[in-house]
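See below for the structure under consideration.
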Amino acid sequence: MQKNFSATPPIAFAAKNCQLIATVPNGVEEYWSADIKAVRHGVLNKIFTDVLFIEKPGELAFLAGIESQDGVDRHIRPDAALKQAEFISFLRSENDRNSAALGILARVFHGHDYAVVGKATAAYMAARSLSHAFGVGYVDQYGDYQTIQIVPGDDSGFDGNAYLPFDQLGENS
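Take the sequence shown: its position 64, counted from the start at 1, is 64 in full-length UniProt numbering, and no numbers get skipped.
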């Protein structure tokens, strides 16, 4: 008997056009923008422009808005905050798609709750040639919103060297 199921291809990200937008008045954090390409071969090939990241140079980088559960960065213009929240919502829905495809096996994989947000952020880090920690936010199995730091490398599952250049990602999809 042959089982028939549809597999969800993994999602991949690439970043380019990383630009410093502003330094926060405290002088500690910077806002950067980047274009992010999201690809699920044969399913999705989409470019998001002017995605915002916050960097504490040499220490930490994260998506602007990821620190709040609704994805809204309340320190920027409302129109930019809404666009950013929509990108974060897209990432979270793609993460849900991955989890649904894996079913009960999803919980076996460390980081399954934030894998897509992590991949998108790691792609930005790779485009900027950054190797320090980055932040992700997610709802845990108890329904609580968590923010954590990830250190890129083999143990984390987020290796900046594993990302294709923007123009090569999705060439054949």
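We put the CB at the ideal spot given by N, CA and C, even for glycine.
Cβ-based neighbour list, residue i, same chain, cut-off 8 Å, excluding 5 preceding and 5 following
i	result
I76	Y31, L52, A64 and Q84
A115	N95, N98, F109 and G157
Simplified DSSP state of residue i, which is helix, strand or coil
i	result
L105	helix
I66	coil
Q2	Caution applies to Q2, whose pLDDT of 42 falls short of 50 and renders its modelled position unreliable; the model cannot decide the point.
F13	strand
I76	coil
L130	coil
First and last residue of the uninterrupted alpha helix (DSSP H) at residue i
i	result
G118	A115 to A127
Beta-carbon gap between residue i and residue j smaller than 8 Å
i	j	result
A14	F134	no
V117	I36	no
D113	Y142	no
L130	V39	no
Where the beta strand (DSSP E) through residue i begins and ends
i	result
V51	L44 to K56
V24	Taken as a continuous stretch (DSSP letters only), V24 belongs to no beta strand (DSSP E), as it is neither H nor E.
D35	E30 to R40
Where residue i falls, given that 16 or more other Cβ within 10 Å makes a residue buried
i	result
N95	buried
Y124	buried
T121	buried
D73	buried
A81	buried
Same chain, Cβ closer than 7 Å to residue i, neighbours up to 5 away in sequence not counted
i	result
E86	none
P9	R40, H41, G42 and V43
Spatial neighbours of residue i in its chain, beta-carbon cut-off 6 Å, leaving aside the 5 residues before and after
i	result
S33	Q19, I21, D50 and L52
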